[in-house]
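What follows is one structure encoded as structure tokens, with my remarks underneath.
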Amino acid sequence: FNFFVLMSRQGKIRLSEFFQSYTESEKRRITKDIAADILPRAPKMCNIIEKGPYKFVYRRYASLYFVVGVPLGMNELIVLEQIHLFVEALDGYFNSVCELDLVFSLHKSLLILFEMFIGGMLCESNKREVLKAIVEAEEMVE
Amino acid sequence: MSTQARGLQNFISDLRNAKSKEEEQKRVDKELANIRKKFTATGKNLGEDGSNNALNSYSRKKYVWKLVYIHVLGYDVDFGHAEVLALVRSTKYSEKHVGYTALSLLLRGDDPMMNSILNTIRKDMTNPGPTSAKNNVPTTDTAQALALCSIANISGLELIQTLHSEVQHTLTAKSSTPCVKKKAALCLLRLVRTSPKLVTGREFAPHMAQLLQDKHLGVLTSSTSLLYGLASQNPQDYQTLIPYAVHILGMLVLKKACAREYLYYRTPSPWLQIKLLKFLQLYPQALSSGQNENDNGQEQHIVQLISVVSKILTETDVSDSINKSNADHAILFEAVNLIVTWGSSGPSQLREGAMKLLGKFISVREPNIRYLGLLTMAKLAQLEGTAESIKKHQSTVLVSLKDADISVRRRALGLLFVMCDTDNAERIVDELVAHLALADAAIREEMVLKIAILAEKYATDLRWYVDTILKLISISGDHVSDAIWHRVVQIVTNHPQGDLQAYTAATLLVGASPRRCHETTVRVAAYVLGEFGFLVAERPGMSGEEQFRILHQHWATSDAKTRAILTSTYAKLANLYEECRPLVAPVFARCKNSVDVEIQQRSAEYAAMREAFSPEAVEDLLREMPPFEDKKQSALEQRLCEKEGEDSAAVAKATRPSAAQRQRQAQSQAAARAAEEVAAQQAAEQNAINDPISPISGNPGAGPLDRSTVGIPKDVIPAMRKAFSNLCTSPSGVLFENSLLQVGVKHEYVGAQGRISVFFGNLSKTPLLHFRAIVDESDHLRIQKQGTTGLLDDGDDGGCSVEVRTQAKLLLLVEVTAPFDDAPAMRVMFETEDGELHEYPLRLPIVATCFMEPVTLEPGAFMQRWRSLEGQDRECQEVVKTPAGADSIDEEYMKRIAHIITDGLKFGRCAGCDPTPWTVSGAATFRTGSKDDNGNNINVGCLVRVEANPQAGAFRVTTRTLHPLCSKAVKNVALVSIKLA
Numbered sequence: 001f002n003f004f005v006l007m008s009r010q011g012k013i014r015l016s017e018f019f020q021s022y023t024e025s026e027k028r029r030i031t032k033d034i035a036a037d038i039l040p041r042a043p044k045m046c047n048i049i050e051k052g053p054y055k056f057v058y059r060r061y062a063s064l065y066f067v068v069g070v071p072l073g074m075n076e077l078i079v080l081e082q083i084h085l086f087v088e089a090l091d092g093y094f095n096s097v098c099e100l101d102l103v104f105s106l107h108k109s110l111l112i113l114f115e116m117f118i119g120g121m122l123c124e125s126n127k128r129e130v131l132k133a134i135v136e137a138e139e140m141v142e
Numbered sequence: 001m002s003t004q005a006r007g008l009q010n011f012i013s014d015l016r017n018a019k020s021k022e023e024e025q026k027r028v029d030k031e032l033a034n035i036r037k038k039f040t041a042t043g044k045n046l047g048e049d050g051s052n053n054a055l056n057s058y059s060r061k062k063y064v065w066k067l068v069y070i071h072v073l074g075y076d077v078d079f080g081h082a083e084v085l086a087l088v089r090s091t092k093y094s095e096k097h098v099g100y101t102a103l104s105l106l107l108r109g110d111d112p113m114m115n116s117i118l119n120t121i122r123k124d125m126t127n128p129g130p131t132s133a134k135n136n137v138p139t140t141d142t143a144q145a146l147a148l149c150s151i152a153n154i155s156g157l158e159l160i161q162t163l164h165s166e167v168q169h170t171l172t173a174k175s176s177t178p179c180v181k182k183k184a185a186l187c188l189l190r191l192v193r194t195s196p197k198l199v200t201g202r203e204f205a206p207h208m209a210q211l212l213q214d215k216h217l218g219v220l221t222s223s224t225s226l227l228y229g230l231a232s233q234n235p236q237d238y239q240t241l242i243p244y245a246v247h248i249l250g251m252l253v254l255k256k257a258c259a260r261e262y263l264y265y266r267t268p269s270p271w272l273q274i275k276l277l278k279f280l281q282l283y284p285q286a287l288s289s290g291q292n293e294n295d296n297g298q299e300q301h302i303v304q305l306i307s308v309v310s311k312i313l314t315e316t317d318v319s320d321s322i323n324k325s326n327a328d329h330a331i332l333f334e335a336v337n338l339i340v341t342w343g344s345s346g347p348s349q350l351r352e353g354a355m356k357l358l359g360k361f362i363s364v365r366e367p368n369i370r371y372l373g374l375l376t377m378a379k380l381a382q383l384e385g386t387a388e389s390i391k392k393h394q395s396t397v398l399v400s401l402k403d404a405d406i407s408v409r410r411r412a413l414g415l416l417f418v419m420c421d422t423d424n425a426e427r428i429v430d431e432l433v434a435h436l437a438l439a440d441a442a443i444r445e446e447m448v449l450k451i452a453i454l455a456e457k458y459a460t461d462l463r464w465y466v467d468t469i470l471k472l473i474s475i476s477g478d479h480v481s482d483a484i485w486h487r488v489v490q491i492v493t494n495h496p497q498g499d500l501q502a503y504t505a506a507t508l509l510v511g512a513s514p515r516r517c518h519e520t521t522v523r524v525a526a527y528v529l530g531e532f533g534f535l536v537a538e539r540p541g542m543s544g545e546e547q548f549r550i551l552h553q554h555w556a557t558s559d560a561k562t563r564a565i566l567t568s569t570y571a572k573l574a575n576l577y578e579e580c581r582p583l584v585a586p587v588f589a590r591c592k593n594s595v596d597v598e599i600q601q602r603s604a605e606y607a608a609m610r611e612a613f614s615p616e617a618v619e620d621l622l623r624e625m626p627p628f629e630d631k632k633q634s635a636l637e638q639r640l641c642e643k644e645g646e647d648s649a650a651v652a653k654a655t656r657p658s659a660a661q662r663q664r665q666a667q668s669q670a671a672a673r674a675a676e677e678v679a680a681q682q683a684a685e686q687n688a689i690n691d692p693i694s695p696i697s698g699n700p701g702a703g704p705l706d707r708s709t710v711g712i713p714k715d716v717i718p719a720m721r722k723a724f725s726n727l728c729t730s731p732s733g734v735l736f737e738n739s740l741l742q743v744g745v746k747h748e749y750v751g752a753q754g755r756i757s758v759f760f761g762n763l764s765k766t767p768l769l770h771f772r773a774i775v776d777e778s779d780h781l782r783i784q785k786q787g788t789t790g791l792l793d794d795g796d797d798g799g800c801s802v803e804v805r806t807q808a809k810l811l812l813l814v815e816v817t818a819p820f821d822d823a824p825a826m827r828v829m830f831e832t833e834d835g836e837l838h839e840y841p842l843r844l845p846i847v848a849t850c851f852m853e854p855v856t857l858e859p860g861a862f863m864q865r866w867r868s869l870e871g872q873d874r875e876c877q878e879v880v881k882t883p884a885g886a887d888s889i890d891e892e893y894m895k896r897i898a899h900i901i902t903d904g905l906k907f908g909r910c911a912g913c914d915p916t917p918w919t920v921s922g923a924a925t926f927r928t929g930s931k932d933d934n935g936n937n938i939n940v941g942c943l944v945r946v947e948a949n950p951q952a953g954a955f956r957v958t959t960r961t962l963h964p965l966c967s968k969a970v971k972n973v974a975l976v977s978i979k980l981a
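From first to last, the protein sequence lines stand for chains A and B. With full-length UniProt numbering, you'll find the first sequence wraps up at 142, consecutive numbering, no jumps. With full-length UniProt numbering, you'll find the second sequence wraps up at 981, consecutive numbering, no jumps.
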């Protein structure tokens, strides 16, 4: 991945992580592109948009768009499932996740994100192991 | 943590309640100010590292979380780094945890703060901590995991690279837990991506093999990512690992051996499968090399690999669950990619199977699959022998071109571009053009570019190409870049065969006729009409005047760029058609005051040109443009490259020349050769005609001049021609003069020998340095040279210096050895005080007639010889008009002509042959210094006759000599002299 952005239907950013050094203005441009290109798309359209040097692969859950930017030549379908895997992990942790969970427990979702993806690459595809690691970490904090 | 972060919760609520972006911004600014205040340490609270010691663990964590939150929302956070580092240094896991997370998000690798934290990270990586969690102190592997994770996530890796040996060690150490290993693998990959030299394949491949045998699928997944990353940088080093990859694939696909947790909707770890397939794609030769070596082990894994791929191809089904179907198809597409990379070395049934599947995919409703089907089919189309089967799907692809989804349309366009060839080009391009009218702006530019390339590539008739581009302009002119219409001009200019140029001119004239048309049309029309308008000027409604009117109606609405093109076209029109001049002149007059410098300059120059230069020079300047160089890559292909990256299927396609192109190229090469021959012939003739009378050959300033050298100023050329012609018939005079230099010549001849003195006078205010005069040797003249010291030295730093108001002198002693018809060239080179290099290619007025000796013949003898010399190459004849403004031809005039023949050309008048005053006849002998077999000098008898036609104001000059060159030479000198009479 190059970056990972969660955006609400209204174009608000709920979570964002850039795995490469982008300058602030590049980041702003990317988020603007996402808002302009993805939000207006009809549900029947495909989940891949080409945008210059990378592709947006996105998936919509209720009113939340999970968008990742991948370099050309990535397998788009599996990226799509990667998003789903992440959502399943969030689901497992928050017990049927909703937008509010993400808003108020940003740090938790970040932990899950970091546990699953390192430097933009999938690290663990077993969500049970991911959740176990998170729970262990929490136990240690307590 | 929910209890700890009450403040954080409130802050988030506040932000959520914010009604507008401005309100949110205000709240964030307030919070930032607050945090800044809290973090600002004073007095004894200032810690060594710049953090505020007064903060307790809870509030430090809280504020750092707030910063993280603000950062994630997209605001700039540029302080608080000291507090983050304090958290990382902490021995408590809860603090370290927050610290590392914030570190990954807030800090960039090039941050100066990074240095101070390096040691802490290194310690976390290597120091053994307690093995079980006690008192909130982190265990080794959790600390390692945290450290690795943030190393990998921190963007900008310059500083972190120092840690790579620790990372590598952690990855390969036996003691590392799977959880740490998989993170270390990805972390290392991240480092290697930034600086590829960190890991060398030879050393690391064995470790890699070890990792690939790990039982833990998480570790395997990460390791395969690392393997793919390393191998794509340096495939050779990791070739030995192919069997491992095939083995894992075999386990997953054939035996479905996979831990339950790693099944993803019943598919065994699709991520791992895809990464392995990607790794195998790096080795397109894998199949063939194995067969050559005939190695058993190799053979075995190739068999296994093929059965894996065919199983993936045959057993992938559409399933109810979208997730399962996605995962399976993801693997399937990767397998097809693998087949594509194998190309013809792979089994053909796999290729056919893949083709059949893709054919199915591009017609399914599910948009993702269709998108990828189109994409992958475009890749497959690059393989030899697939074109036919792909063409069957043409109509399906055309349907996708009209899809509502821009991504699908793009890919359909891409596939159409790739599958296009000479057979279906017309259909596809017409279809695309038709669709262009409906296409939305986002895709138009790409479409226009691709249509233009296809039309050029596969046009069997270039007129169709021109039509297509014109259609593009009229449908979507704003998206037709300059490169596209420039290409039209290039192609039309470079293909003079057939009626393409006339056709284009006529079509564009019609295209530009409406009052309203796209500016690009005006530009192409202006350019093409300027070049080839004359080809259609005879047709009704297309005369020069009408061409001007049609173009000029757009003047008011055109921008500066178009006007500049129009200005040049007008100049060309005015040059060709007398009737256009009064129309064009006011335009130039007005534009002389244009605010645009380019237009101002052009119109001023064009307006003044006619007075300033000789008609020949004007003709030269306004001549048609020479053919363009055939560049390997057209500007359009370059654009395509920029847009799609070098390795895309479309680019590979575009750069391959099509059959039509090759054919055209061959044609135009043949035509160019033919043209060259004709041109060479013409040039030879031209030279012969022009040379003795023109002081410089062909183009002014041509020759071996580099850019920094100043040649002969254009404005002195007419004067020079005249001076040269004069000197041919008079014993002394000025050959060349400008503000710096005057070249004077004095010459006298006896028989075959001559003595020529050349004087170079410095007219400038400064000395002329490195002054050199180089006289070219020629076959027909023996030349002895003497001159001021250094003058004849042809070295760069040779030459003499000519002081102000002094002269350098050159003395030439010549003897003619054979008939000739040109004049020896002399290059004069010097450098002015301020370093400007000057080089003037001049010609010395040593022409054939200089060596004539008059012969007086009786009329009868003259007529007898005259008749005996009648014949093709012994005779030269040309008609010359009296110069405009000269007196009408009367007896006085004829006396001057006779004078030229006797004194200038050194012929003996044969008065008896001229019964009327309107003819002048003369005879002479051309003496050479060569001896014949008997030891006598070879001489050539020459006869000349000038007949005047006073009514037409013209003279006919006829020369008859024993030698063709002599005939030509005498005629030429006679012509120029008569012109000057």
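Where is the CB? At the ideal position from N, CA and C, for every residue including glycine.
| Asked | Found |
| --- | --- |
| Measure from the alpha carbon of B/Ser-757 to the alpha carbon of each residue in B/Pro-767, B/Lys-765, B/Ala-145, B/Lys-746, then state which is nearest. | B/Lys-746 |
| Going by C-alpha distance, which of B/Gln-304, B/Val-879, B/Leu-741, B/Met-419 is nearest B/Leu-842? | B/Leu-741 |
| Can you check whether the C-beta of B/Asn-326 is within less than 8 Å of a C-beta belonging to chain A? | yes |
| Just to confirm my understanding: we take B/Val-743, look at its own chain, exclude 5 residues before and 5 after, and list those with CB closer than 6 Å. What are they? | Leu-735, Phe-736, Phe-760 |
| Return helix, strand or coil for A/Leu-15, following the three-state DSSP convention. | strand |
| Buried or exposed: which applies to B/Lys-895, given that a residue is buried once 16 or more other Cβ atoms fall within 10 Å of its Cβ? | exposed |
| Taking C-beta pairs closer than 9 Å, name the residues in chain A that B/Glu-388 reaches, listed in chain order. | Ordered by position in chain A, no residue passes the 9 Å Cβ test against B/Glu-388, which lies about 27 Å from the chain. |
| Nearest to B/Glu-616 by alpha carbon, out of B/Ile-717, B/Asp-430, B/Leu-962, B/Lys-183? | B/Ile-717 |
| Whose C-alpha, out of B/His-247, B/Arg-874, B/Arg-427, B/Leu-146, is nearest the C-alpha of B/Thr-460? | B/Arg-427 |
| So which residues on chain B does A/Leu-111 lean against when the C-beta distance must stay under 9 Å? | His-97, Thr-101 |
| For the 8 Å Cβ check, are there 3 or more pairs between the stretch 45-52 of chain A and the stretch 300-317 of chain B? | no |
| So which residues of chain A does B/Glu-334 contact, with C-beta pairs closer than 7 Å? | Asn-75 |
| Answer yes or no: does any C-beta atom of chain A fall closer than 8 Å to that of B/Ile-9? | The sequence given here places Gln at residue 9 of chain B; Ile does not occur at that position. At least one chain A Cβ lies under 8 Å of B/Gln-9. |
| According to DSSP, which residues form a beta bridge with residue 178 of chain A? | In the structure displayed, chain A extends from 1 to 142; residue 178 of chain A sits before or after that span and is not available. |
| Using DSSP's beta-bridge definition, name the partner residues of A/Leu-85. | According to DSSP, which records beta bridges pairwise, A/Leu-85 is partnered with nothing at all. |
| Roughly how many angstroms separate the alpha carbons of B/Val-180 and A/Cys-123, rounded to a whole number? | 11 Å |
| Could you name each continuous beta strand (DSSP E) segment of 3 residues or more that falls completely within the stretch 791-864 of chain B, going from the start of the chain to the end? | 800-802, 807-816, 825-831, 837-843, 852-854 |
| Cβ of A/Phe-66 less than 8 Å from any chain B Cβ? | no |
| Specify the secondary structure class of residue 1006 of chain B as computed by DSSP and reduced to three states. | Chain B is shown from 1 up to 981; residue 1006 of chain B falls before or after that span and cannot be answered. |
| In chain A, what lies closer than 9 Å to B/Gly-218 by C-beta? | Cys-123, Glu-124, Ser-125, Asn-126, Glu-129 |
| Measure how close the beta-carbons of B/Ala-147 and B/Ile-121 come, nearest whole angstrom, since I'm counting them as under 8 Å. | 5 Å |
| Run through chain A and tell me which residues come within less than 8 Å of B/Ile-12, C-beta to C-beta. | Val-103, Phe-104, Leu-106 |
| Under 8 Å, Cβ to Cβ, is there at least one residue of chain B near A/Leu-39? | no |
| Output, in chain order, the set of chain C residues within a Cβ distance shorter than 8 Å of B/Thr-221. | Judged by its chain identifiers, the structure shown contains no chain C, and its protein chains are A and B. |
| Identify whether A/Met-74 lies in helix, strand or coil by the three-state DSSP scheme. | coil |
| Measuring only between beta-carbons, confirm whether B/Pro-514 sits less than 8 Å from chain A. | no |
| According to DSSP, is B/Cys-876 helix, strand or coil? | strand |
| To which residues of the same chain is residue 179 of chain A closer than 7 Å at the C-beta, ignoring the five residues directly before and after it? | Here chain A covers residues 1 to 142 and nothing more, so residue 179 of chain A does not appear. |
| Would you identify the three-state DSSP class for B/Ala-923, choosing helix, strand or coil? | strand |
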